[in-house]
Each structure stands twice: as C-alpha cells, then as structure tokens.
Amino acid sequence: MPLERLNFLGLRNLAALDMRPAPGINLVTGANGSGKTSLLEGVHMLGMARSFRTQKLKHAITHDADAVTLHGRLAGDPPVSLGVRRSRDAAELEIRLDGERGIRVARLAETLPLQLINPDAFRLLEGAPAARREFLDWGVFHVKHEFFEAWRRVRRALKHRNALLRHDRIDLRSMRVWEQELAHWSEQLDLLRSDYMAQFAKTFEATLHELLPLSGLSLRYYRGWDKQRGLLDVLENGRDTDRQMGFTQQGPQRADLRLRIGKRAAVEELSRGQQKLVVSALKLAQGRLLEELTGRTCVYLIDDLAAELDVSHRQIFCHWLERLHCQVFITGVERSALENAWQSETDVAMFHVEHGRLLTE
Ligand SMILES: Nc1ncnc2c1ncn2[C@@H]1O[C@H](COP(=O)(O)OP(=O)(O)OP(=O)(O)O)[C@@H](O)[C@H]1O
Ligand SMILES: [Mg+2]
C-alpha cells in the first residue's frame, strides 16, 4: 500500500510539511542542505520508529520546537493512518495506528515495509555482520509470520544466558533451562532464515544478472554456529570459554550473509562501484520477493542515487524500480540527473525542496 498523504511537523529544518505523494515514483530535488534527506528520514521514522541518521530521535526535532510529529496515510479501502510523535521531554516514542495508541514497533514495521538505500546501505558488504543480519531479517519478518516470536524468544533467552555467564558462581539449573530455550528457538529461527534465503538467492541472482553480470558470485547464509552440530551441544561445550568472554559466542546472533567470488570474499575483489551494484541488487530483490510471496509492496527510500551510481547503471536500477510497482521516494541535487532515467510512459511526480519548504511541481 502506498502512502497517499504525509504530514510532518517539527522535523529538522522542514517547515510544516503536507505532501501528497504519487503511488509510484516521487522525485525530490533541492540544493544541499534544503531538507531532502530529512524528508526521507521522516518517512523512515514513520515506518520504523527510528531514524537512519541518529540514535537519539530528539536530534531530529527542529531546534526551537517541542516535538516532532509525523503522520502518514496509506491508500486502501479503508485507508490506514500511522502516527509517530517524539517530544523533547518524553523518554518514549508515541506510536498510533488508526488512532489506537501504544502500538508496538513491530506492528508499525509490518504496516509500512520500507527499504532504505543510502550511502550507509551501500556499505552493506564491507560493514559488520549486524547490518547484513538486519537485512536478512527484514525479509524473513515480512514473509514469515512465525519469525517475530522466534526472534523475540531467542533474544530473551540469550540475555538471560549472558547474564548467568557473568555471575561468579554458575547456576547450572537456570543455565540449562535457558540453554534449552535458546537452542529450541534458535533452531526455529535458523529454519525460517534458511528457508527464506533459499528463495531469496534465486531472485537476487536474476536481479544482479542485469545490473552486473558477474560469474562465480555466490550468496550463502551462515547460521551462526557449526552446521554439523546442534546448538545445545555447542552451548554446553562452549560454556567455559563463553564464561571467559562474558557472552555467548555462537548462535543465531552471529548469523551472516556471505558473498563470495569463487573462494574469496566478494568485498576483497569488487570495486566500490561494483559493490554498490551488488547491494542495489540485494535491495531490489527483497522488494521483488516480498511482492512475489505476499502480494505486498514496500516503499523505497533512495537518497542521492546520482551520487552513487553512474548514468547507465542508474538507468538499469530505475528500470527495475519501475517494474517493481513499489512506491519510491528518490532524492537528488540535480533534477537532470534523475528525470531522464525513466521510461517515457512512467509517471514521475516531481517535488522540490527549498530551504525546508516542499513545492509540488
Ligand atoms: N534539529 C534540527 N533543527 C533544525 N535544522 C536542522 C536540524 N538538524 C539538521 N538541521 C538542518 O537541516 C538541513 C537539511 O538537512 P538535509 O540533510 O535534509 O539536507 P539535504 O537536502 O539532504 O542536503 P544534501 O543535498 O547536502 O544531502 C541542514 O541544513 C541542517 O543544518
Ligand atoms: Mg541529503
């Protein structure tokens, strides 16, 4: 479901914003510092209850304002309204869904699936595994209903086991209880992740093929512990070294995606531009698979694409976006760098930001 209306108040340098985005491609241009990234940040906060720019949401509140308030309406029959508010003096974020208060972030995320493509996202391959795990789990979360419960249980059991590891005297009874719980839900989580990856790898390969025909590139899922052994065995036998380290060293919290060319890590071999194309294919493939498996589409937030990809790859990338039927918010400094990237029959809604004010063209 695309966003048909956005209302932001108190977000960074943006003046009270009232936007009616198109269901397809929305191109937002403006000079440096005009507020383009802030607009994407607002949509991101609306779907994820967090910013991609700061850990502390209060930094996103306009300097002299008391709160940032974001509203969005998703097209549908009936439409769905989303609201997120963070005031300067409240510790908690307030989330509303169709007027109902106290909504959990997972429900918000489920309602508005988002994919962000910005300079940080382009560093997915070279960065820490946490980002790739988050990428993987985005797909599993949206496609498999059982994911969230398994993930929550794993997190809870892991927290308890780690706390027990740090005690001076080991409480073996409690340790066994939490290890069994951890092992059970981790095996479930692993099944969901590996099942998703088996489907995802095919979609990714087909998408990448058009952007960057590379032979021998493989995408593998690593589950976070030895594939020959059950996790319970690994936990029991690793207790002593885990105690020395002060945390659980193996398990689904260490899962990763490994991209290789032959036997080498792709990141050691590919140019920076090629890495960006691989990341683009990963991101596009997730949107494709979501649509294929659930009939739902996600919203793409793409910050300054022209600064990241060259003209010909930008065109192939934009062509993929057109085929996805997703709603896209794409920013750029120069209008000319993006307006010609589309097929003539594609409707592109144009917006311009000037000193924090949004103008529809
Ligand atoms: N809390 C805040 N209150 C008011 N203004 C802010 C706040 N935080 C940042 N700004 C300002 O908001 C402006 C817009 O920043 P933004 O990153 O959205 O611009 P942009 O259009 O994406 O620019 P660029 O093309 O350089 O990426 C910046 O000039 C910044 O100084
Ligand atoms: Mg920007």
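Taking this note's numbering, the leading residue of the sequence shown gets 376, the next gets one more, and so forth. We put the beta carbon where it would ideally sit given N, CA and C, even for glycine. On a predicted model such as this, the values are computed, not experimentally measured, just so you know.
Under 9 Å, do residue i and residue j count as touching if we go by C-beta distance?
{"i": "D473", "j": "S456", "result": "yes"}
{"i": "Y675", "j": "L632", "result": "no"}
{"i": "H438", "j": "L421", "result": "no"}
{"i": "I400", "j": "D685", "result": "no"}
{"i": "E554", "j": "R528", "result": "no"}
{"i": "D617", "j": "P494", "result": "no"}
{"i": "R635", "j": "A641", "result": "yes"}
{"i": "L500", "j": "L645", "result": "yes"}
{"i": "M423", "j": "V515", "result": "no"}
{"i": "E467", "j": "G458", "result": "no"}
{"i": "L606", "j": "W600", "result": "yes"}
{"i": "L415", "j": "V518", "result": "no"}
{"i": "A525", "j": "Q574", "result": "no"}
{"i": "E683", "j": "F510", "result": "no"}
{"i": "R508", "j": "A630", "result": "yes"}
{"i": "L533", "j": "G670", "result": "no"}
{"i": "S409", "j": "E720", "result": "no"}
What number of angstroms, rounded off, separates the C-alpha of residue i from the C-alpha of residue j?
{"i": "A660", "j": "K433", "result": "33 Å"}
{"i": "M748", "j": "I705", "result": "Outside the displayed span of the chain (376 to 736) sits residue 748, for which this structure offers no information."}
{"i": "L586", "j": "H559", "result": "40 Å"}
{"i": "E714", "j": "Q603", "result": "52 Å"}
{"i": "C673", "j": "D565", "result": "24 Å"}
{"i": "V703", "j": "L567", "result": "28 Å"}
{"i": "A465", "j": "N388", "result": "21 Å"}
{"i": "L392", "j": "R732", "result": "7 Å"}
{"i": "G637", "j": "K577", "result": "18 Å"}
{"i": "A712", "j": "M725", "result": "13 Å"}
{"i": "W513", "j": "A681", "result": "26 Å"}
{"i": "A581", "j": "L652", "result": "13 Å"}
{"i": "L381", "j": "E556", "result": "43 Å"}
{"i": "R530", "j": "R460", "result": "27 Å"}
{"i": "V654", "j": "A440", "result": "37 Å"}
{"i": "R689", "j": "H584", "result": "15 Å"}
{"i": "Q650", "j": "D546", "result": "47 Å"}
{"i": "A442", "j": "P453", "result": "29 Å"}
Let me know the secondary structure DSSP gives residue i once reduced to three states.
{"i": "E475", "result": "strand"}
{"i": "I545", "result": "coil"}
{"i": "M550", "result": "helix"}
{"i": "V674", "result": "strand"}
{"i": "D452", "result": "coil"}
{"i": "V480", "result": "helix"}
{"i": "V703", "result": "strand"}
{"i": "T412", "result": "helix"}
{"i": "E736", "result": "coil"}
{"i": "V403", "result": "strand"}
{"i": "E729", "result": "strand"}
{"i": "G417", "result": "helix"}
{"i": "L567", "result": "helix"}
{"i": "V518", "result": "helix"}
{"i": "L583", "result": "helix"}
{"i": "E467", "result": "coil"}
{"i": "F510", "result": "helix"}
{"i": "Q394", "result": "For clarity, residue 394 is Met in the given sequence; the question names Gln instead. Three-state result, M394: strand."}
{"i": "D617", "result": "helix"}
{"i": "N612", "result": "helix"}
{"i": "H434", "result": "helix"}
{"i": "T486", "result": "helix"}
{"i": "T669", "result": "helix"}
{"i": "A716", "result": "coil"}
{"i": "E379", "result": "strand"}
Less than 8 Å between C-beta atoms, sequence neighbours within five positions excluded: which residues of the same chain meet that for residue i?
{"i": "H419", "result": "R425, S426, F427, L489, L491, L676"}
{"i": "S569", "result": "Y596, R598"}
{"i": "G662", "result": "Q490, T672, C673, Y675, L699, C701"}
{"i": "E736", "result": "M725, F726, H727"}
{"i": "T486", "result": "G422, L449, V455, L457, L472"}
{"i": "F579", "result": "L594, A656, L657, A660"}
Report all residues from its chain with a CB closer than 6 Å to the CB of residue i; omit the five preceding and five following residues, and keep chain order.
{"i": "K658", "result": "Q490, I492"}
{"i": "G417", "result": "F383, L386, L445"}
{"i": "E379", "result": "R448, A450"}
{"i": "T412", "result": "D678"}
{"i": "T404", "result": "G707, R710, H727"}
{"i": "L668", "result": "V518"}
Might you give, ordered along the chain, the residues of its own chain that have their beta carbon closer than 7 Å to the beta carbon of residue i, omitting 5 neighbours on each side?
{"i": "N407", "result": "V708"}
{"i": "A397", "result": "D722, A724"}
{"i": "F522", "result": "V515, F516, L567"}
{"i": "W717", "result": "I400, C693, E697, V723"}
Inter-stretch contact at 8 Å, needing at least 3 Cβ pairs: the segment 537-549 / the segment 620-639 = Contact between the segment 537-549 and the segment 620-639 is present: three or more C-beta pairs spanning the two stretches fall below 8 Å.
Contact between the segment 502-512 and the segment 581-591 (3+ Cβ pairs under 8 Å) = The segment 502-512 is not in contact with the segment 581-591.
At a cut of 8 Å, does the segment 601-612 reach the segment 687-696 through at least three beta carbon pairs?
-> The segment 601-612, when compared against the segment 687-696, does not touch it at the 8 Å Cβ threshold.
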